[in-house]
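Number of protein chains: 4
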Amino acid sequence: MPPATAAAPATTRPRTKPAVVRREELMDAAQALFLDKGFDATSVDEIVAQAGVAKGTFYFHFKTKDDVLRALRERFVVKFHERLESAVAACAPDDWSGRLEAWMEAAVDGYLDQFALHDLVFHEFRPSSRRMQHDNPITRHLATLIADGAQNGAWTAPYPRLMAAMLFGGFHGAVDEEIVAPSKTTRQRLTAEVLRFCRMALGLACS
Amino acid sequence: MPPATAAAPATTRPRTKPAVVRREELMDAAQALFLDKGFDATSVDEIVAQAGVAKGTFYFHFKTKDDVLRALRERFVVKFHERLESAVAACAPDDWSGRLEAWMEAAVDGYLDQFALHDLVFHEFRPSSRRMQHDNPITRHLATLIADGAQNGAWTAPYPRLMAAMLFGGFHGAVDEEIVAPSKTTRQRLTAEVLRFCRMALGLACS
Amino acid sequence: MPPATAAAPATTRPRTKPAVVRREELMDAAQALFLDKGFDATSVDEIVAQAGVAKGTFYFHFKTKDDVLRALRERFVVKFHERLESAVAACAPDDWSGRLEAWMEAAVDGYLDQFALHDLVFHEFRPSSRRMQHDNPITRHLATLIADGAQNGAWTAPYPRLMAAMLFGGFHGAVDEEIVAPSKTTRQRLTAEVLRFCRMALGLACS
Amino acid sequence: MPPATAAAPATTRPRTKPAVVRREELMDAAQALFLDKGFDATSVDEIVAQAGVAKGTFYFHFKTKDDVLRALRERFVVKFHERLESAVAACAPDDWSGRLEAWMEAAVDGYLDQFALHDLVFHEFRPSSRRMQHDNPITRHLATLIADGAQNGAWTAPYPRLMAAMLFGGFHGAVDEEIVAPSKTTRQRLTAEVLRFCRMALGLACS
DNA sequence: TATGAATGAGTGTTCATTCAT
DNA sequence: AATGAATGAACACTCATTCAT
């Protein structure tokens, strides 16, 4: 006689999953397709096909197609930010130079690893990416780091927010340049240059 | 035989204008609408309505809708570049510091004056704006300036192209910051900060 | 053996209400929304939100969305009919003129008070409202009144059913006119005109 | 050698017709389908298939699907009105009784002939048919007729607009009744009853 | 009684582009 | 150079309804 539990189909994969899970699955499907063919070129039909659900399910979990992109962006920013935070947290609280170095190194690495996703969530996203660049945890993090360092005499930065914007722009420009026209330069060398650039701009060295 | 002029009514206001004029009119109409409602949200129908011509006329002058945007972008880049060139040309050929200063000043002014148009032609334009940033006359101009200055001992820049990218990124970041969160700072003060930033990064000052 | 009442927590506010109550609540929610935005423009989602229940609950109490509308219509007709009946019942059984007058007066009042709801349940309801007008308690009531009065020599009406239809149409037209183009006329005056119209049509007066 | 004209395909049915013609064709197709399956149940796809054009062509000539219905309604009203006008115009200008009779007769005939179309354009049309009933040429025509007759002493009607509304309602009710429950009565007999009803209401007879 | 995740058929509408004149 | 009627592929989104708990 089979055990009582065998009477009920053991393999009943529940068709309805916790909302959070389904949502995540849809986001993954969308992200893969967006990266592959671009946001506009991807239809909701394709997303649901990839996720293995019906169309209505998509609209049960997201308001619109844009809504997924927003969710994707938020997820990206949070993860990227965590990466930076833990890198910085590994340094001594008063080693400002080290903290800045850690931030930049993690940022270069992260950006280089994810630039396709970065472009997706920042470029394809309407309301101008400018505003978005301004108030997101990542840039705020850098601004705080600059400000704190300045306050503790680690460097000079009369306008920390502005300095942060310029350093962020510089880092961004460097990595973009590398992506478009990959030099023989190693990633390490690139990071070193970015760091040197930052230190110079902050008046930490005068070579 | 009747006189030739009698055949055609003398008062015929030529319905057909020189191609270049019509083209320019269509570009102006498109630019105005694109700036107002965005590229995607603007239909060719609206463009021709604004320009006062029939639909077919549009496609007589432009291959596709994207084609106008490309034309708009080219026009923008050329004009912006001219602005920079003449600013720089006003300086002594060997006054490298002055030339850089002139470039940056003109760039800040120009960007601040035209950022909406800048965003339109660079942001809405597919093939990633990254590639575009890389090879356009403006950034090439800066790179050349950096390289020449370095070659003449005006400053140090082991990787001029990279330095140019970082300085351009820095300038871009500063102006973007100012656009999003306008400080009490005057435009002059902003320019000064950008310049200080550049000089520091190039090792020209150590304050 | 523990007391029976101890088994169930005494304070359990019953999550489940008597079916009739829930049903009524859902009907009220639906009616409010239908009146506000129209039948088609109202989704079942909105109805359940308004009623504070889950989607499934709606389909537990009603077969389809149309089903609520039908229920609403029945409720309306019953209430309206009651209004007429009691008004007529207040007259002497053989005061035919008075009974007709009472019917019309109550009808004008009732219609004027509820025309929005009337339109909802009669207009938005498929199977042509024509058929519905034909066999509902209200028009049947009037037809009977006409027929009985004729039979008792109160007035002449060779085709009572037809006469009823025409008088009903006349009354309807008058009130509709008043709704669309409200005159300075009081409701009383309107009722008087409708009555005069009916009496004339029935040959009760020759002014 | 074939005649010159044969060189050009003689059968070249011009693919592009005058806008008015195409528009009319689309309206005819739509009307046929709407009458057959109802407005909602008819898709634009079906309309264009029936009309033998592409979908875009539909939207070149009409703003929306509702727009055709509106056009259909306007066409119906105009034609119906013409019918009434010419019937009335055939009577002597001062034969008020005859003119009213002509109007009613033509209305009954017209309505009976077209009630399906009537229902379509008046019932399926949003913004409440009430308002529509109020200001359309047909009811205005009747109101004018009543008013003019009253002014010339042909009958009494202290509130012509209201009387017109009631007579129109009465006529409408009679015909609707006949449609729903066709009696053995001939159309002629029905018309006679409606007329008698009108004359009574106007105080023209006291039988 | 009640829940709420899942379904999926259904459709109006947009719009870049073409082409005969 | 210019017209404007015609095309037709493409898609996001809605929503009534079901059903396993």
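Residue numbers (the working numbering), protein chains in the order written: chain A, 850 to 1056; chain B, 850 to 1056; chain C, 850 to 1056; chain D, 850 to 1056.
From the three backbone atoms N, C-alpha and C, an ideal C-beta is built for every residue, glycine too.
Whose Cβ in chain A lies nearer than 9 Å to the Cβ of residue i?
{"i": "Phe-925(B)", "result": "Simply none; closest approach about 17 Å."}
I want to verify the contact list: residues of chain A whose CB lies under 8 Å from the CB of residue i, in sequence order.
{"i": "Ala-956(B)", "result": "Simply none; closest approach about 13 Å."}
Quick one: does the C-beta of residue i sit closer than 7 Å to a heavy atom of the ligand COA?
{"i": "Arg-948(B)", "result": "Of ligands this structure carries none, so the ligand COA is not represented either."}
So residue i and residue j are in contact, right, with Cβ under 8 Å, and what is the actual spacing, rounded?
{"i": "Ala-903(D)", "j": "Leu-875(D)", "result": "That pair is no contact at about 12 Å."}
{"i": "Glu-940(D)", "j": "Arg-948(D)", "result": "It is Cys, not Glu, that sits at residue 940(D) in the sequence shown. Indeed they touch by this definition, with Cβ atoms about 5 Å apart."}
{"i": "Arg-922(B)", "j": "Phe-883(B)", "result": "The pair is not a contact, with the Cβ atoms about 11 Å apart (cut-off 8 Å)."}
{"i": "Met-953(B)", "j": "Leu-1039(B)", "result": "Rounded, the Cβ-Cβ distance is 11 Å, inconsistent with contact."}
{"i": "Ala-956(A)", "j": "Val-937(A)", "result": "Actually they do not touch by this definition, with Cβ atoms about 10 Å apart."}
{"i": "Leu-969(C)", "j": "Phe-888(C)", "result": "7 Å"}
{"i": "Ala-1030(B)", "j": "Arg-1010(B)", "result": "Incorrect: roughly 31 Å between the Cβ atoms, too far for contact."}
{"i": "Gly-1022(B)", "j": "Gly-959(A)", "result": "With a Cβ gap of about 18 Å, Gly-1022(B) and Gly-959(A) do not count as contacting."}
{"i": "Ser-946(B)", "j": "Ala-1006(B)", "result": "Contact flag wrong, Cβ pair sits at about 13 Å."}
{"i": "Ala-881(C)", "j": "Val-917(C)", "result": "No, Ala-881(C) and Val-917(C) are not in contact; Cβ-Cβ is about 12 Å, not under 8 Å."}
I want to verify the contact list: residues of chain A whose CB lies under 7 Å from the CB of residue i, in sequence order.
{"i": "Phe-1046(B)", "result": "Met-1015 and Ala-1050"}
Kindly list, in the order they appear in chain D, the residues whose Cβ is closer than 7 Å to that of residue i.
{"i": "Asp-968(C)", "result": "Ser-977"}
Using a C-beta to C-beta distance shorter than 9 Å, which residues of chain D count as neighbours of residue i?
{"i": "Glu-1042(C)", "result": "Pro-1007, Tyr-1008, Leu-1011, Met-1012 and Met-1015"}
**Message:** Closer than 9 Å between beta carbons: that is the criterion. Which residues of the stretch 994 to 1022 of chain D meet it against chain C?
**Reply:** Thr-1005, Pro-1007, Tyr-1008, Arg-1010, Leu-1011, Met-1012, Ala-1013, Ala-1014, Met-1015, Leu-1016, Phe-1017, Gly-1018, Gly-1019, Phe-1020, His-1021 and Gly-1022
**Message:** Three Cβ pairs or more, each shorter than 8 Å: is that satisfied between the stretch 988 to 1006 of chain C and the stretch 1040 to 1055 of chain C?
**Reply:** yes
**Prompt:** Which residues, in order along the stretch 974 to 987 of chain D, keep a beta-carbon less than 7 Å from a beta-carbon of chain C?
**Reply:** Ser-977, Arg-979, Arg-980, Gln-982 and His-983
**Item:** Cβ-based contacts, 7 Å cut-off: residues of the stretch 1022 to 1039 of chain A near chain B
**Value:** Gly-1022, Ala-1023, Asp-1025, Glu-1026, Ile-1028, Val-1029 and Ala-1030
**Message:** Taking 8 Å as the cut-off, does the stretch 1008 to 1015 of chain A touch the stretch 918 to 929 of chain A (at least 3 CB pairs, one atom from each stretch)?
**Reply:** no
**Message:** So, does the stretch 946 to 965 of chain D touch the stretch 890 to 907 of chain D, judging by three or more C-beta pairs under 8 Å?
**Reply:** no
**Asked** Would you call the stretch 875 to 894 of chain B and the stretch 980 to 993 of chain B in contact, with 3 or more CB pairs under 8 Å?
**Response** no
**Asked** Counting Cβ pairs, one atom from each stretch, are 3 or more of them under 8 Å apart for the stretch 1021 to 1033 of chain C and the stretch 864 to 882 of chain D?
**Response** no
**Message:** Output needed in chain order: residues of the stretch 927 to 941 of chain C with a Cβ under 8 Å from some Cβ in chain D.
**Reply:** none
**Cβ-based contacts, 8 Å cut-off: residues of the stretch 860 to 894 of chain D near chain C** = none
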